[in-house]
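Note that my numbering has the sequence shown beginning at 60, numbered continuously upward.
Every residue, glycine too, gets a C-beta built ideally from N, C-alpha and C.
The next block holds one structure in the form of structure tokens; read it before the comments.
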Amino acid sequence: MKGLEQKLKKAFKYRIVFSLLLVTVTFVSVCGQALVMSSKPINVSSVNSPDDDYWPTISADNHYFATTVSHRGESVYQATQEDLTIFEKDSVGNWMPDSTLTKPLNTPYNEGSPAFSADGRYLFFVASDRKDGLGSCDIYYVIRHGNCWSQPIHA
60 MKGLEQKLKK AFKYRIVFSL LLVTVTFVSV CGQALVMSSK PINVSSVNSP DDDYWPTISA
120 DNHYFATTVS HRGESVYQAT QEDLTIFEKD SVGNWMPDST LTKPLNTPYN EGSPAFSADG
180 RYLFFVASDR KDGLGSCDIY YVIRHGNCWS QPIHA
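What follows is the structure, given as structure tokens:
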């Protein structure tokens, strides 16, 4: 039993080290070609909108950036509309809106919570009240084929 406890403690130690490493990597920002540790937040004004922007995610290759945008209603009684906005990095390093991906993802209902797969080929998101959905919120994804993306697929 003592050997098992030691193995569990060792495994737990490795989990802590891995978690700390993951947190450290999360704070790494890409500046040009070199990786630079940044202790101050950087305003990425090219991806901000006049509405509420949240749930940002970036592909592992640093080529795509996605966020949820909450469009406010015209009055406090009107519901907000959440949509995905996808950006692609151009050859100079600026984030440009990728309308070829953004338009097929968004509907009159809510879409949000984007997340790229580790290889950057898949973009997962949550959508509500779609005709092919099974509940009020369902998981969907699109697949990247070169510079093109598939139509949304219900997971």
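Residues near residue i by beta carbon distance below 8 Å, same chain, minus five either side
i           : result
residue 114 : 126, 127, 171, 172 and 173
residue 181 : 175, 200, 201, 202 and 203
residue 141 : 127, 128, 129, 130, 169, 170 and 171
residue 116 : 124, 125, 126, 173, 174 and 175
Host beta strand (DSSP E) of residue i (start-end)
i           : result
residue 162 : Unbroken run through residue 162 is the alpha helix (DSSP H), 158-164; no beta strand (DSSP E).
residue 203 : 196-204
residue 103 : Careful: residue 103 lies outside any beta strand (DSSP E) and carries neither H nor E.
residue 182 : 181-187
residue 111 : 111-117
For residue i, the nearest candidate out of the options (CA to CA)
i           : options               : result
residue 129 : 118, 122, 123 and 112 : 112
residue 220 : 100, 186, 177 and 193 : In the structure displayed, the chain extends from 60 to 214; residue 220 sits before or after that span and is not available.
residue 151 : 188, 122 and 192      : 122
residue 124 : 179, 186 and 213      : 179
residue 229 : 189, 197, 154 and 149 : Because the chain in this structure spans residues 60 to 214, residue 229 falls outside the shown range and cannot be described.
residue 149 : 100, 105, 192 and 101 : 105
Beta-carbon contacts of residue i that lie in its chain and below 7 Å, excluding the five residues immediately before and after
i           : result
residue 163 : 210 and 211
residue 157 : 145, 146 and 147
residue 139 : 129, 130, 131 and 132
residue 198 : 183, 185 and 214
Reduced DSSP category for residue i - H, G, I as helix; E, B as strand; rest coil
i           : result
residue 151 : coil
residue 168 : coil
residue 211 : coil
residue 139 : coil
residue 174 : strand
residue 87  : At residue 87, the pLDDT of 36 sits below 50, so the modelled position is not reliable and the matter cannot be decided from this model.
Residues near residue i by beta carbon distance below 6 Å, same chain, minus five either side
i           : result
residue 160 : 145 and 208
residue 196 : 185 and 187
residue 189 : none
Residues bridged to residue i (per DSSP)
i           : result
residue 130 : 140
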